[in-house]
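Numbering (the working numbering), first residue to last: 6 to 393. We put the CB at the ideal spot given by N, CA and C, even for glycine.
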C-alpha cells in the first residue's frame, strides 16, 4: 500500500509540474487571462447573545471565492427573517406539515452553492417528489446551519430558535471538527480577527453535569463588528481586487486537477493521509460532546420529536485531528441507539463518489457533495418515517 501511494504521489506530482508548465505557456500567449476580477468579502454574520453569532436577517449578498486566484463559485445568498439561509417560515406549524430541522455548521449552511443545490433543499425536493408527500401530508425542511459552529451551538440553536417551529425531526450534522470547536470559546478567525471568547459552550464537571459558559467577550465583539460596519457601509461588503501582475493562475490548475479526478474512476475520494487510529489515540472532547448531544436529545424528545445523528467523522478525519477519529463511528452509532435516536453514517457514501465532492480550494462540499448529503437524509426518512 505504501509503495502504491508513493507511486501515485510521483505520478500526480509529475502531472502538476506539467500543468504548471502549461499554465506558464498559456499566460505568455494570453497574459490577461491570469486576472480574475474582484472577490467579495461580506460581513454576513452578526453577534447573537444566545448562540454567539448567526446570519444577518433578511440580507442578500454576493459571495465569490474563496480567493482572487482561485474563484470556484459566485453565488447569490439570501437569509430569512429568522437569520438563517432559507426561505421564511411560518412560526406556527400547520396540521398537515411534517417539519424537519437540520442543525450544523457551514457544511449545512452551504453558501458556496446555489440555494437549490444545498443539502437541505436536495432533501426537500426529494420529499416533494416522494410518495410520502400527499394531499394530507406536506414536508418542510429547515436549514439552521451557521458557519464555524460546534456541538454546543447546535444544541443552543435548537433550544433558542429551531424548537420554536415545532419540528418533528431534528437532524444534527457531526464530525470531530465540531467536537474540537466545542472545547474552545475562541472561534476561527473567519468569524472574528481578534482572539475573543465569543462561542457559548459548556464545561463537563466531575459529577457529569454540564456547566454553561457564556461568551465572555461578547460586548467587545459587538463593538468591533459595529466599527467594521462603519467602514464597510450598508451592504457590509468589501471588494478585494485581483492581483495586477501576471501571476500563475491557481484556479486553472485546480480546475484541471479536478477535471482529471472526475474523468478517472481509479482515483478514490479518499485523502492520502488517511490512516488507522493509533492504539493510544486520545479523543478528549468526546465525553463533553456526548453529554451535550444527550441534552439536545432530551429537549428534542420532550418536544415529541426525534433526533437523527448524521455522522461524517470518518470522511473528515484528515482535517479534524487527531488522525483516525473515524473509529468513533461505532461509538457514535451506539450513542444514537442508547438515546433512541436515528443514525446515518454518511462517510461511506461520500467516499464512494468517483468525482470530487468538495471545492478543491475552498474545501466545502460542492453541488455533488451536497447532493450526497441531502440524499442520505432522504433515504433515512424513507426507511424510518412512521405517520402519526
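- Between the alpha carbons of residue 174 and residue 312 lies a gap of roughly 6 Å.
- DSSP places residue 305 in the uninterrupted alpha helix (DSSP H) bounded by 291 to 307.
- Straight through space, the alpha carbons of residue 293 and residue 340 are spaced by roughly 13 Å.
- Between the C-alpha atoms of residue 227 and residue 200 there is a straight-line separation of about 13 Å.
- Per the Cβ contact rule, the stretch 103 to 117 is in contact with the stretch 141 to 150 (3 or more Cβ pairs under 8 Å).
- Around residue 44, the same chain offers 69, 70, 73, 245 as residues with beta carbons nearer than 6 Å, after the five sequence neighbours per side are excluded.
- Per the DSSP secondary-structure output, residue 70 pairs in a beta bridge with 78.
- Straight-line spacing of the CA atoms in residue 290 and residue 209 works out to 10 Å.
- Annotation: residue 151 to residue 139 spans about 32 Å, alpha carbon to alpha carbon.
- When the five nearest sequence neighbours on each side are left out, the beta carbons in the same chain lying within less than 6 Å of the beta carbon of residue 116 are those of 68, 82, in order along the chain.
- In this structure the stretch 130 to 139 does not touch the stretch 157 to 173; the number of beta carbon pairs closer than 8 Å is below three.
- When only Cα atoms are considered, residue 189 and residue 204 end up about 7 Å apart.
- Cα atoms of residue 212 and residue 298: separation of roughly 17 Å, rounded to the nearest angstrom.
- For residue 384, the secondary structure class from DSSP, reduced to helix, strand or coil, is helix.
- No Cβ-Cβ contact shorter than 9 Å links residue 347 with residue 393.
- According to DSSP, residue 175 shares a beta bridge with 106, 312.
- Around the Cβ of residue 111, a 10 Å sphere holds 16 or more other Cβ atoms; the residue is buried.
- When secondary structure is reduced to three states using DSSP, residue 50 falls in the strand class.
- With a cutoff of 9 Å on beta-carbon distance, residue 109 and residue 181 are scored as not near each other.
- By the criterion of a C-beta distance shorter than 7 Å, residue 378 is surrounded in its chain by 124, 351, 370, once the five residues flanking it on both sides are discounted.
- Excluding its 5 nearest sequence neighbours in each direction, residue 383 has C-beta neighbours in its own chain below 7 Å: 128, 131, 132, listed in chain order.
- If you ignore the 5 residues before and after residue 50, its C-beta comes within less than 8 Å of the C-beta of 58, 59, 60, 61, 151, 152, 196, all in its own chain and listed in chain order.
- As the crow flies, the alpha-carbon of residue 288 is around 22 Å from that of residue 302.
- Per the coordinates, the alpha-carbon of residue 141 lies some 9 Å from the alpha-carbon of residue 100.
- For the pair residue 304 and residue 166, the CB atoms are not nearer than the 9 Å cut-off.
- Each residue's CA atom was taken as its position, placing residue 309 and residue 232 some 43 Å apart.
- By the Cβ-count criterion, residue 342 is exposed, with fewer than 16 other Cβ atoms from all chains shown falling within 10 Å of its own Cβ.
- Under the three-state reduction of DSSP, residue 165 is assigned to helix.
- When DSSP assignments are scanned along the stretch 176 to 236, the uninterrupted stretches of beta strand (DSSP E) that are 3 or more residues long and fall wholly within it turn out to be 206 to 209, 215 to 218.
- If you ignore the 5 residues before and after residue 362, its C-beta comes within less than 8 Å of the C-beta of 274, 355, 370, 371, 373, 374, 377, all in its own chain and listed in chain order.
- Secondary structure note for residue 337: it is in no beta strand (DSSP E), and the uninterrupted alpha helix (DSSP H) holding it is 333 to 344.
- DSSP, read as helix, strand or coil, puts residue 369 in coil.
- Judged by their CB atoms, residue 154 and residue 56 are nearer to each other than the 9 Å cut-off.
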